[in-house]
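2 protein chains.
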Amino acid sequence: MREEATAFVPGHITGFFSAHTDTDPTKAGSRGAGVTLTDGVDVTVRRHAGANAADSSVVLDGESITVEPVSTVLETLGVSARVEAEADLPLGAGFGVSGALTLGTALAANRVFERNLSWNELVTIAHGAEVQAGTGLGDVVAQAYGGIPIRLEPGGPQVNRMDAIPERARVEYVSFGELSTEAVLAGDMEAVTAAGKQALSRVVEEPTLLSFIYASRVFAREAGLLTDRVKTTIDDVSDAGGQASMAMLGETVFAFGTGLSDAGYEPTACATHPAGAMIR
Amino acid sequence: MREEATAFVPGHITGFFSAHTDTDPTKAGSRGAGVTLTDGVDVTVRRHAGANAADSSVVLDGESITVEPVSTVLETLGVSARVEAEADLPLGAGFGVSGALTLGTALAANRVFERNLSWNELVTIAHGAEVQAGTGLGDVVAQAYGGIPIRLEPGGPQVNRMDAIPERARVEYVSFGELSTEAVLAGDMEAVTAAGKQALSRVVEEPTLLSFIYASRVFAREAGLLTDRVKTTIDDVSDAGGQASMAMLGETVFAFGTGLSDAGYEPTACATHPAGAMIR
C-alpha cells in the first residue's frame, strides 16, 4: 500500500480567453490560449489515518490554507488526505496555482488511494471543481495538456478540443500583486468575450509565439483588464523592442525571451513547460 | 533564421490494438493502449541549402536510411532537409522508432522552416504519413500524447479520442529481433481485431498498469502473434511472479518493475515517459 504520491503540475499563464457557462461545470470553461511554465507546483498527497474527507488539510509552502476545489476533489474521490504543496509561483497572481493544486491533488490522490480512475476522469473532476468554485475556467485543462495550449472548445477533456503552438521559449515575468479571478468573472464579461474570440481566431490562423503575444496584448487592452502598473510595464517592454502581455488574471506581466530584462526590470525567468502535469 | 531544431519523441510499445481502415489515412489508425518510454529518439532537422524535397536525407545513428513516412512529411511541408536522428531503441522491434522519426521530423521541420502549423496539424501529417506507408497505425498519436496512452478512437488528433492510465513505472525490455509491421498488418486481422476490442474494454473499465499488462498478454495469445521465444520469456516472467507481454509489433518482451530481471534476463531498463513528444 502506497503511503504518498506526488504530482508536478506546471504553472499556466492565460494570455486571452472567453468564458463559457454551462449548468454542468465539467462542460463549462473557457476558450483561449496560454503558456504552461517550468515553474509550477509539486503536490504531495498522504494518507490521513482514521479521518473523514472533511478533515483533509492543505498546506502550501508550509502554511495551512483552504482551497475549495481541492476539498471538492478529495470529497469526490471519497478520501481523507493531507495535501502538501510547494509552489514556485505566487497564489492569486495569474499563474494557475489553484488549478495546479486541484489537478495535482486529483492525480496524486488517485494513485495513493488506488481509485483506478483514468487520466480524463481525473482531469474532468479537477476542472469541474475549479469551475464550480469560480477560481478558474481553463487552467486545469491547459495544465493537463502542457506546452503552449490553445483551448479551442471549452470544458473537461471529455468534451473540449485542444491544440497547441508547437514551440518552446524562455519566459520572463514580474508580478505586482493579486487580482481576484472570482471578481473579474462575476463582472461584465461582454467585452472580454468579444476580445477573446478575436484573439483566438488570430492564433488559430497563425499558431506562433509572436501572434500569441500580440493577440494577448490586444485582448488585455480591449477587454479593459489592464491596470496602470501592468500597462506601463508592457509599454516599457515595447519601447525596448520586446513583446509582453498581462497574465489573466493577476497583476502580472510576462514576456518571451529577455523582453522584461531588456526593459530594465528584474523578472523571474523560467521556460514554457514541454508537457502537461505528471506523476513524479 | 534558425538553422536547425531538435525534437525528442519517446519510444512507444503497443500492448494491444485493433486496426481501423479508412480511405483517408489521417482518419485511419488503431484503437489500443501502450506505454511511451523515456528511451526514445532525438530528431534534428537541418536546412539543406539549394536542394529540393527529393534530395532530403535521413541518417539514423550515423547510417543513411530511407524512411518513407519521413520523406512524405518533408514533401508535405514542402522542404528539403537533412534529418539526423539518434535512437536509444532498435528500428523494427516494436518500439515505434519509425513513428518517432516521422513525428520528430514534422515538429522540428516546422520550427526550422517556420511553417506555422499547429501541433494538431503536425501530428496529423505525421500520423497520416505513417498509416499510408503501413509502418504504424497508432504510434504517432500515442507518442504525441505521452504517458501510458489509451487510444479510444482511431485517427489523427482532429478525429481521435485519447485517454491515459494515470501512473508511471519502471519498464524493462528484451528484444530478440524484428517483425515486419507491414507483413502483420497485411495478414488476417480478424483475430487481432476481436482480441483488441476485448483488451480495450478491460482497460477502459480499469485503467491501471496491472489490467493493462494482463489485457496485453491475453491479446498477444489470442491474436496469434506470439513467437516461441517471446512466449517462453513471458512464461519465465510469470513463473518468477511477474507480468510481461509482447511489444506490438516486434520480437520484444516488456515488463513493469523488475519482471524480466527477476526471471534471470538481462533487460534494458527505462521508465514510462511522463509526457509526449517535445521540442528541445
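First to last, the protein sequences are chains U and D.
Note that this note's numbering gives residue 155 to position 155 of the first sequence, counting from 1, and the numbers run on in steps of one.
Start counting at 1 in the second sequence, then tack on 280, and there's your number in this note's numbering.
Ideal Cβ positions, reconstructed from N, Cα and C, are used throughout, including at glycine.
DSSP three-state assignment for residue i, whether helix, strand or coil
| i | result |
| --- | --- |
| phenylalanine 393/D | coil |
| leucine 260/U | helix |
| alanine 129/U | helix |
| tyrosine 545/D | coil |
| leucine 107/U | helix |
| threonine 44/U | strand |
| glutamate 283/D | coil |
| serine 525/D | strand |
| phenylalanine 375/D | coil |
| proline 25/U | coil |
| aspartate 419/D | helix |
| alanine 275/U | coil |
| aspartate 188/U | coil |
| alanine 240/U | coil |
| aspartate 341/D | coil |
| isoleucine 430/D | strand |
| proline 290/D | strand |
| arginine 482/D | helix |
| alanine 313/D | strand |
| threonine 488/D | coil |
| glycine 177/U | strand |
| glutamate 251/U | strand |
| arginine 509/D | helix |
Straight-line Cα distance separating residue j from residue i
| i | j | result |
| --- | --- | --- |
| glycine 556/D | leucine 209/U | 20 Å |
| serine 30/U | glutamate 153/U | 7 Å |
| alanine 449/D | glycine 187/U | 46 Å |
| tyrosine 145/U | arginine 280/U | 16 Å |
| serine 344/D | serine 337/D | 7 Å |
| valine 34/U | proline 69/U | Strictly speaking, residue 34/U in this sequence is glycine, with valine absent from that position. Glycine 34/U and proline 69/U: Cα-Cα distance of roughly 21 Å. |
| alanine 223/U | alanine 194/U | 8 Å |
| aspartate 443/D | threonine 181/U | 30 Å |
| leucine 89/U | glutamate 172/U | 13 Å |
| threonine 268/U | glycine 379/D | 37 Å |
| leucine 465/D | glutamine 243/U | 50 Å |
| alanine 285/D | leucine 107/U | 33 Å |
| phenylalanine 8/U | isoleucine 405/D | 31 Å |
| threonine 272/U | asparagine 396/D | 18 Å |
| valine 203/U | aspartate 508/D | 53 Å |
| isoleucine 165/U | leucine 506/D | 41 Å |
| alanine 365/D | valine 321/D | 7 Å |
| arginine 161/U | aspartate 239/U | 37 Å |
| arginine 391/D | serine 351/D | 17 Å |
Short Cβ contact (8 Å threshold) for residue i with residue j
| i | j | result |
| --- | --- | --- |
| valine 359/D | phenylalanine 393/D | yes |
| alanine 543/D | valine 517/D | yes |
| histidine 12/U | phenylalanine 95/U | yes |
| proline 25/U | valine 131/U | yes |
| phenylalanine 297/D | leucine 417/D | yes |
| alanine 361/D | histidine 407/D | no |
| glutamine 143/U | threonine 36/U | yes |
| cysteine 550/D | aspartate 341/D | no |
| valine 325/D | alanine 409/D | no |
| leucine 459/D | leucine 381/D | no |
| glycine 427/D | valine 403/D | no |
| valine 97/U | leucine 91/U | yes |
| lysine 307/D | valine 472/D | no |
| serine 525/D | serine 496/D | yes |
Neighbour-count burial assignment, residue i, 16 or more Cβ in a 10 Å radius
| i | result |
| --- | --- |
| arginine 282/D | exposed |
| alanine 183/U | exposed |
| glutamate 346/D | The residue asked about is misnamed: residue 346/D is threonine in this sequence, not glutamate. Under this definition threonine 346/D is an exposed residue. |
| glutamate 266/U | exposed |
| threonine 23/U | exposed |
| glutamate 594/D | Outside the shown range of chain D, which is 281 to 560, sits residue 594/D, and nothing can be said about it. |
| glycine 32/U | buried |
| glutamate 401/D | buried |
| threonine 135/U | buried |
| glycine 539/D | buried |
| glycine 177/U | exposed |
| glutamate 485/D | exposed |
| glutamate 167/U | buried |
| glycine 295/D | buried |
| threonine 233/U | buried |
Integer Cβ distance of residue i from residue j, believed to fall under 8 Å
| i | j | result |
| --- | --- | --- |
| glycine 196/U | phenylalanine 212/U | Their Cβ separation, rounded to whole angstroms, is 13 Å, which puts glycine 196/U and phenylalanine 212/U out of contact at 8 Å. |
| serine 175/U | alanine 87/U | That belief does not hold up - the Cβ atoms of serine 175/U and alanine 87/U are roughly 13 Å apart, past 8 Å. |
| proline 487/D | serine 118/U | 4 Å |
| valine 353/D | valine 323/D | In fact, because the Cβ distance is near 11 Å, the residues do not count as touching under 8 Å. |
| methionine 558/D | proline 274/U | 4 Å |
Worksheet item: Taking a cut of 7 Å between CB atoms, which residues from the stretch 200-224 of chain U lie near chain C?
Response: The displayed structure is made up of protein chains U and D, and chain C is not among them.
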